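Novice: For any residue, its number in my numbering is found by taking its place in the sequence shown, counting from 1, and adding 2.
Glycine included, C-beta positions come from ideal geometry on N, C-alpha and C.
Just so we're clear, the structure is a prediction, and the values are computed from it rather than from any experiment.
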Amino acid sequence: MILGHIGARKGSKGVPRKNFRMMRGKPLIDWSLDQLLEHPMVDAVVVSTDDEEIYDHAVAKGAVKIGLRPAHLATDTAGKWGVWQHALEASEAMVGPVDAFLDLDCTSPLRLPEDITAALELYQTEYPDMVMSCCEARKNPYFNLVEPDASGALHVSKPLPGGVVARQQAPVVYEHAASTYVVSPAYLKRSKGLWEGRVIPYLMPPERCVDIDTPFDFRLVEFLMQEAGHG
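Encoded structure:
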């Protein structure tokens, strides 16, 4: 049993109510929700939200009826992990034991269905605790990310002996792309956060890893979706 999940909190300071804002002809959440509902490897879909309109919309499209998320998981400071744990527990009470928990971030609608397939296949092949979508970092802490010391002088964030004079010499660094996750239910139940187990990357091109946090991001994703012919 593969359970597809989307978390869609009602509040958003950067882009008010962004999860249900129209994007290229349909609510933003539907770009991810439709991918889950239509994917042949996904057996059931659940949406965790504190928004009654989003909840009713998702249930009408076929999501499992788990009710609204608890108030303590609907605050600005509530972490993704607790939301996942609650959604898994509530869903298993409805659909039975889950073998893989697949989360799509609805603020990253540029992923393709083949990204979901590849992430699930990586999980089924490698047996990690979690597969996390990543892309190659555009800035590297060994080369061109800097931070100030107590005097305000800048230094490379992660200096190496002898220094790094070309980006190609720097160790590979990935960006955590908030897009697609596949999590072991056993790991999700026993752990307190993302990084306690064996987490491996599923690499995506950076142009499919844009996450909407600001009005500019929203306009950028609309442009990229138009360029790709979505909607």
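With DSSP collapsed to three states, give me the class of ALA230.
Specialist: Mapped onto the sequence shown, residue 230 falls at position 228. Three-state DSSP puts ALA230 in a helix.
Novice: If you draw a straight line from the alpha carbon of ALA139 to that of ASP53, how long is it in whole angstroms?
Specialist: In the sequence shown, residue 139 corresponds to position 137, counting from 1. In the sequence shown, residue 53 corresponds to position 51, counting from 1. The straight-line gap from Cα to Cα measures roughly 34 Å.
Novice: What distance in whole Å lies between the Cβ atoms of VAL201 and ASP131, which are believed to be in contact at a cut-off of 8 Å?
Specialist: Position 129 of the sequence shown, counted from the first residue, corresponds to residue 131. Position 199 of the sequence shown, counted from the first residue, corresponds to residue 201. So it is a contact: roughly 6 Å between Cβ atoms.
Novice: VAL48: which of GLN87, LYS20 and VAL166 sits nearest, CA to CA?
Specialist: Locating residue 48 in the sequence shown gives position 46, where the first residue counts as 1. The candidate whose alpha carbon is nearest that of VAL48 is GLN87.
Novice: How far does the alpha helix (DSSP H) with MET96 in it extend, from its first residue to its last?
Specialist: Working through the sequence shown from its first residue, we reach residue 96 at position 94. 82-97 is the extent of the alpha helix (DSSP H) around MET96.
Novice: Alpha carbon to alpha carbon, how far is LEU226 from ILE214?
Specialist: Indexing the sequence shown from 1 puts residue 226 at position 224. Indexing the sequence shown from 1 puts residue 214 at position 212. One C-alpha to the other measures close to 12 Å.
Novice: Answer with buried or exposed for GLY98, where buried requires no fewer than 16 other C-beta atoms within 10 angstroms of its C-beta.
Specialist: Looking up residue 98 in the sequence shown gives position 96. GLY98 is exposed by the Cβ-count criterion.
Novice: Using the C-alpha atoms, what's the distance from ALA155 back to ALA120?
Specialist: Here the question's residue 120 lines up with position 118 in the sequence shown. Here the question's residue 155 lines up with position 153 in the sequence shown. About 44 Å.
Novice: Counting only the same chain and skipping the five closest in sequence on each side, list residues whose C-beta sits under 7 Å from that of ARG192.
Specialist: Position 190 of the sequence shown holds residue 192. Cβ within range, chain order: n/a, list empty.
Novice: Identify which residue in ALA92, ARG210 and HIS41 has its Cα closest to the Cα of VAL66.
Specialist: Residue mapping note: residue 66 aligns to position 64 of the sequence shown, counting from 1. Among ALA92, ARG210 and HIS41, the Cα nearest to that of VAL66 belongs to ALA92.
Novice: Output the boundary residues of the alpha helix (DSSP H) element that contains VAL61.
Specialist: Mapped onto the sequence shown, residue 61 falls at position 59. 54-63 is the extent of the alpha helix (DSSP H) around VAL61.
Novice: Could you round the C-beta distance between VAL100 and LEU5 to whole angstroms and report it? I think they count as a contact, below 8 Å.
Specialist: On the sequence shown, position 98 is the one that residue 100 refers to. On the sequence shown, position 3 is the one that residue 5 refers to. Rounded, the Cβ-Cβ distance is 5 Å, consistent with contact.
Novice: Relative to the C-alpha of LEU114, which residue among THR216, PRO208 and ASN21 is closest?
Specialist: Here residue 114 corresponds to residue number 112 of the sequence shown, with the count starting at 1. Per the Cα distances, PRO208.
Novice: Considering only their Cβ atoms, is the gap separating TYR204 from CYS136 smaller than 8 Å?
Specialist: What you label residue 136 is simply residue 134 of the sequence shown in a count that begins at 1. What you label residue 204 is simply residue 202 of the sequence shown in a count that begins at 1. The answer is yes: Cβ separation under 8 Å.
Novice: Across which residues does DSSP place MET134 in a beta bridge pair?
Specialist: Position 132 of the sequence shown, counted from the first residue, corresponds to residue 134. Its beta-bridge partners are TYR183 and PRO203.
Novice: When burial is assigned at 16 or more other CB atoms within 10 Å of the CB, is MET25 buried or exposed?
Specialist: For the purposes of this step, residue 25 is taken as residue 23 along the sequence shown, with counting starting at 1. The residue in question, MET25, is buried, as its Cβ has 16 or more Cβ neighbours within 10 Å.
Novice: Which same chain residues, not among the five before or five after GLU177, have their C-beta less than 8 Å away from its C-beta?
Specialist: Your numbering for residue 177 matches position 175 in the sequence shown. Counting only Cβ-Cβ distances below 8 Å, and skipping sequence neighbours, we find CYS136, CYS137, GLU138, ALA139, ARG140, PRO208 and CYS211.
Novice: Using alpha carbons as the reference points, say which of GLY165, TRP83, ALA172 and ARG169 lies closest to VAL184.
Specialist: In the sequence shown, counting from the first residue as 1, residue 184 sits at position 182. Closest option to VAL184, Cα to Cα, is TRP83.
Novice: Can you give me the C-alpha to C-alpha distance between ASN142 and VAL61, rounded to a whole angstrom?
Specialist: Taking the sequence shown and counting its residues from 1, the one referred to as residue 142 is at position 140. Taking the sequence shown and counting its residues from 1, the one referred to as residue 61 is at position 59. Computed Cα separation, rounded: 43 Å.
Novice: Among residues of its own chain, excluding the 5 on either side of SER14, which ones have a beta-carbon nearer than 6 Å to its beta-carbon?
Specialist: Your numbering for residue 14 matches position 12 in the sequence shown. The answer, listed in chain order, is LYS20.
Novice: Measure the beta-carbon distance from TYR144 to LEU162 and round it to whole angstroms, keeping in mind my assumption that it falls under 8 Å.
Specialist: Here residue 144 refers to the residue found at position 142 of the sequence shown. Here residue 162 refers to the residue found at position 160 of the sequence shown. Indeed, because the Cβ distance is near 6 Å, the residues count as touching under 8 Å.
Novice: So what's SER193 in DSSP terms, helix, strand or just coil?
Specialist: If you number the sequence shown from 1, residue 193 lands on position 191. If DSSP states are grouped into helix, strand and coil, SER193 belongs with coil.
Novice: On a CA-only basis, which of ASP151, ARG11 and GLU224 is nearest ASP78? Give me that one, please.
Specialist: Position 76 of the sequence shown, counted from the first residue, corresponds to residue 78. Measuring from the Cα of ASP78, the nearest candidate turns out to be ARG11.
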